[in-house]
Structures are given as C-alpha cells and as structure tokens.
Amino acid sequence: MSDELKRGLEGVVVAESGLSHVDGQVGKLVYRGYDIEDLALKAEYEEVLYLLWHGELPTRAELDAFTDELVAEREVDDDLLETVATLAEADERPMAALRTATSMLSAYEPEADADAEDRDAALRKGRRITAKIPTILAAFERARQGEDPVDPDPSLSHAGNFLYMLTGTEPDAVSEETFDMALTIHADHGLNASTFTGMVIGSTMADIYSGVIGGIGALSGPLHGGANQDVMEVLYEIDESEKDPVEWVIDVRESGRRIPGFGHRVYKVKDPRAKLLQAKLRDLSESSGDTKWLDYTTAIEEYLTEEGLVEKGIAPNVDFYSGSVYDHLGIPLDMFTPIFAMSRAGGWIAHVFEYQEDNRLIRPRARYTGATDAEFVPIDER
Ligand code: CMC
7 MSDELKRGLE GVVVAESGLS HVDGQVGKLV YRGYDIEDLA LKAEYEEVLY LLWHGELPTR
67 AELDAFTDEL VAEREVDDDL LETVATLAEA DERPMAALRT ATSMLSAYEP EADADAEDRD
127 AALRKGRRIT AKIPTILAAF ERARQGEDPV DPDPSLSHAG NFLYMLTGTE PDAVSEETFD
187 MALTIHADHG LNASTFTGMV IGSTMADIYS GVIGGIGALS GPLHGGANQD VMEVLYEIDE
247 SEKDPVEWVI DVRESGRRIP GFGHRVYKVK DPRAKLLQAK LRDLSESSGD TKWLDYTTAI
307 EEYLTEEGLV EKGIAPNVDF YSGSVYDHLG IPLDMFTPIF AMSRAGGWIA HVFEYQEDNR
367 LIRPRARYTG ATDAEFVPID ER
C-alpha cells in the first residue's frame, strides 16, 4: 500500500463515472457525451435531469411523464413552510436554511423506511427532493421580504416555476429560458467537492437525503459555491466607487489579491459555461438597455487577456458571468449559491445512484503524524 500523500486528493482517481467529463485543456464539458453547449441551448433542465438519472435523453412521451412526476412533487408541507419562515425571521443564512429545510423534508418522506438498495424508491426520493428545493428556496426568500409563499404553478417549467414562486409574477420567456440554461450548466461537473461529499455519504448506503444535505454543506463554502457572489460584490463595489473597472483590477493585482471568477483547478482555458453565460448576459443587457455589468465584465476580461493572465491559464470561470445574469433576473445576491444547489442536487443524486450501483465504502487513510508510545497519566496526576 503506497503512503504517497495527495493533498486535497488532487489528481486521484477514486471512481469510474459516465455522467460528466471536464476537458480542462480545450474547455469542453459533456454530460453523458453530450456537449454542454447543445444541452444548454437545445434542452431544458428536466431533459438534462432525465439524461443524468436515466442514462439517455428522453423521448417526448418520456419527458412529459417525467415532468408530470416532478410537478406532482413540488408542494411542501405547511409545517415545513412555517419552519422556513422561522429560519428567515432568525436571519439564517440561505445555504444553512436550505440545509435545515432539506433535512426536515425527510420527515415528510412517504418512503422513508425504504432501503437504500431499493433503486426505484431512491429515485422517487431524489425526485421529491429535486422538485421541492425550489419551493423551499422561494418561500425562504419571500419570508425574508415579509411575503407569503406562492404556491407552485403546475403549468410552468422547473425554471419558470421557481422564478414565479420567487416573485409572484410569471417570468417572461427570456428570463425563463435564461434561468433554465443556468440550471442546466450547473447540474453536474465531475467529482467536485460537493459531489464527492455526497458520494462518500452514499457509499455508506445512507439514504439520499443525507447525501444531498452533505452536498449542500460542502457547496456552502467560499472555495466552492460562493465565487459568483464575490464577483457580483466586486461589480457593486466598482459601481459604488465609480472607479474604472480596469483601475480596480490593477489595484487588486498590485495588492496581490485574486480576481474572483478567474482561474479553475481543471480548466486551463475559458470555461465553456462562462461563454454561454456571457452570451446570455449580452442578450439580457441589450434587451433591457442596461449594459453596466456587461461593460464592467468585458473590460475586466479584456484587460486580463491583454495582460497575459488568460494565456497563463487563469481564464474566466462560470462564476464570472453567472452573478450578473442572476442580477438581471432580479435574484438577490445571497441566493446565488442556493440556486447553484438547486441545480446541482440533480448531479449529486445521479452520482450517488451511479456509485451505489457498484458500491465500495469510501474510506481513505491519513499518514499518522501524531505521537507514539505516549505514557498515560491518570487525570488527577496531570
Ligand atoms: N486571480 C489572480 N491570480 C490567480 C487567480 C485569480 N483568480 N487564480 C489563480 N491565480 C494564480 C495564483 O495566484 C497562482 O499564482 P502563483 O503560481 O504565482 O502563486 C497560480 O494562479 C495558481 O493558483 P492555484 O491556487 O494553485 O490554482 P488552483 O488551481 O488551486 O486554483 C481556484 C483554482 C479556483 C481556487 C483559483 O483560481 C481561485 O482562487 N480563483 C478565484 C475564485 C473563483 O473564481 N472560484 C470559482 C472556481 S469555479 C467554480 C466551479 O467550477 O465550481
């Protein structure tokens, strides 16, 4: 057994997966072989969920049946909505509120006693969780605004219904389409930290609720899910200071700080998801006539490209453009990471199921650096 230490498991292959692949050298992301660009522009999130969970793109009839099943699971119990309102009143952070509420969801799970090996029951549980997370998040945000929750609308898509429950107004086609695309491109991304967390939990054959809650916990950290919020804060800061965005970048570089939304452990070129979101940001800016965020982000990217940073492999990642897109959709800053979780829950569930098909308990070792042969001294003699 090798004692070679791989800090952060960097480069360690721990599983086989047919779900998604990131080619960081050319900037390509595929879900089950399909290019993210095709899925983002031509498929809806429900179709992508079906693809991840069932292995193939659905036919029209399969998609309709799958969508109906998801729609039927959108409502959450009133007691749970009250808890969500209590969390909002207590000023709980949105990711923590989502973690608590998702945990409480399992109390209302009709198949709670089903064995993790019961694949059909596990899939139904996954469907319930995925369908209900948007309802929880929208209710939480509304409670923070002092508003009652809005019941889900069965005639709307997963993306459209979330925006409707959030604002109380049916979204226009462009907003719905944009948000649907954002859900699709965040749904899966290889063995990132939150997905791996879910897999570790799943490898004990714990139930899928625990896997998703673990994923939410891992995603809540600033090194994983929080960077799009950081980018948006920068854009607000530039706006408030009335600084030129390039001046801001120069100051940040001189102070040795990192530019949020740039760089990636796997991508060494521009993230394909950043390209898709940048195009959406352009559409939204042009249609609204408000090009501020587009102008700032473009100026920053152009400057860093001219400076050679992008050529060095520190290129825009998905978070560089997602914040400004969400801002155009009227989504509050601290809901960006919960929205990431709402989408990525589909990927977590897919990975847990895939891993459990040929399960092996995940149990690595640490290289022990503690004392040996320590002499025990009874407590009263210490
Ligand atoms: N701005 C300036 N310099 C950077 C940046 C940046 N954003 N990112 C990396 N570098 C530099 C870093 O200073 C280091 O330089 P040197 O070798 O001179 O010390 C070099 O690039 C390598 O950095 P690293 O930390 O070893 O690279 P990593 O692969 O571990 O880092 C990262 C990846 C995402 C943690 C990092 O690029 C970063 O902190 N980016 C900003 C935060 C961010 O945007 N995070 C979102 C990631 S994408 C989300 C997702 O896909 O889920």
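Using the working numbering, the first residue of the sequence shown is number 7, and each one after it goes up by one. Even for Gly, the Cβ is constructed at its ideal location relative to N, Cα and C.
Next item on the list: Spatial neighbours of V255 within its chain, please: CB distance less than 6 Å, with the 5 preceding and 5 following residues excluded, ordered by chain position.
Entry: Within the sequence shown, numbered from 1, the residue matching residue 255 stands at position 249. I306, Y309, listed in sequence order.
Notebook entry, point to check: Between E43 and P278, is the Cβ-Cβ spacing less than 9 Å?
Noted result: As a first step, residue 43 is located in the sequence shown; it is residue number 37 there, counting from the start. As a first step, residue 278 is located in the sequence shown; it is residue number 272 there, counting from the start. It is a contact, given that the beta carbons lie within the stated cut-off.
Margin query: If you measure between the beta carbons of G336 and T173, is that distance less than 9 Å?
Written below: Reading the sequence shown from its first residue, position 330 is the one you call residue 336. Reading the sequence shown from its first residue, position 167 is the one you call residue 173. In contact: G336 and T173 (Cβ atoms closer than 9 Å).
Checklist line | For L87, three-class secondary structure by DSSP | finding: By one-based count along the sequence shown, residue 87 stands at place 81. Note: L87 maps to helix in three-state DSSP.
Item checked: the ligand CMC heavy atom lying under 8 Å from the CB of H195 -> Start at 1 with the first residue of the sequence shown, and residue 195 comes out as number 189. It does: the Cβ of H195 is within 8 Å (strictly closer) of some heavy atom of the ligand CMC.
Check: Hey, out of A122, R133, V331, whose CA is closest to L111's CA?
Finding: In the sequence shown, counting from the first residue as 1, residue 111 sits at position 105. Of A122, R133, V331, the residue nearest in Cα terms is R133.
Notebook entry, point to check: Can you find at least 3 beta carbon pairs, one from the stretch 262-276 and one from the stretch 322-329, that sit closer than 8 Å?
Noted result: yes
Next item on the list: Measure the alpha-carbon distance for E317 versus K276 and round it to whole angstroms.
Entry: Here residue 317 refers to the residue found at position 311 when the sequence shown is read from its first residue. Here residue 276 refers to the residue found at position 270 when the sequence shown is read from its first residue. So the two alpha carbons sit approximately 10 Å from each other.
Check: Based on the DSSP output, what are the partners of V28 in its beta bridges?
Finding: Residue numbering aside, residue 28 sits at position 22 when the sequence shown is read from its first letter. Answer is L35, bridged to V28.
Item checked: Cβ-based neighbour list, K131, same chain, cut-off 8 Å, excluding 5 preceding and 5 following -> For this step, residue 131 is matched to residue 125 along the sequence shown. Once the five neighbours on either side are set aside, the close Cβ partners of K131 are E115, E117, A120, D213, I214, Y215.
Note to self: Extract the residue ranges of the beta strand (DSSP E) inside the stretch 315-365, only unbroken runs of 3 or more that lie entirely within it.
What the structure shows: none
Next item on the list: Tell me whether the beta-carbon of A149 lies closer than 9 Å to the beta-carbon of L58.
Entry: The residue you call residue 149 lines up with position 143 of the sequence shown. The residue you call residue 58 lines up with position 52 of the sequence shown. Not in contact: A149 and L58 (Cβ atoms no closer than 9 Å).
Checklist line | Closest by C-alpha distance to T303, when choosing among E182, E239, V358 | finding: Taking the sequence shown and counting its residues from 1, the one referred to as residue 303 is at position 297. Minimum Cα distance to T303 is reached at E239.
Item checked: Opposing strand residues paired with Y170 [DSSP bridges] -> For this step, residue 170 is matched to residue 164 along the sequence shown. Answer is none; Y170 lacks a bridge partner.
Item checked: Residues near T73 in its chain [Cβ-Cβ closer than 6 Å; skip 5 each side] -> Taking the sequence shown and counting its residues from 1, the one referred to as residue 73 is at position 67. Around T73: E52.
Next item on the list: Give the DSSP bridge partners of D277, in chain order.
Entry: In the sequence shown, counting from the first residue as 1, residue 277 sits at position 271. None, per the DSSP bridge assignment.
Notebook entry, point to check: When the Cα atoms are used, what is the spatial distance from I139 to I385?
Noted result: On the sequence shown, residue 139 is found 133 positions in, with the first residue counted as 1. On the sequence shown, residue 385 is found 379 positions in, with the first residue counted as 1. The straight-line gap from Cα to Cα measures roughly 50 Å.
Check: In angstroms, rounded to a whole number, what distance separates the CA positions of D157 and P177?
Finding: In the sequence shown, residue 157 corresponds to position 151, counting from 1. In the sequence shown, residue 177 corresponds to position 171, counting from 1. Whole-angstrom Cα-Cα distance: 15 Å.
Margin query: Check whether the stretch 348-359 and the stretch 245-259 are in contact - that is, three or more C-beta pairs closer than 8 Å.
Written below: no
Next item on the list: Give the single residue among V18, F382, L300 whose Cα lies nearest to the Cα of G196.
Entry: Position 190 of the sequence shown, counting from 1, holds the residue named residue 196. Of the candidates V18, F382, L300, the one whose C-alpha sits nearest the C-alpha of G196 is V18.
Notebook entry, point to check: Measuring CA to CA, which of E360, R366, F342 is closest to R99?
Noted result: For the purposes of this step, residue 99 is taken as the residue at position 93 of the sequence shown. Considering only alpha carbons, the answer is F342.
Notebook entry, point to check: Taking 8 Å as the line, does the beta carbon of V240 fall inside it for any heavy atom of the ligand CMC?
Noted result: Position 234 of the sequence shown, counting from 1, holds the residue named residue 240. No, since every heavy atom of the ligand CMC falls outside the 8 Å radius drawn around the Cβ of V240.
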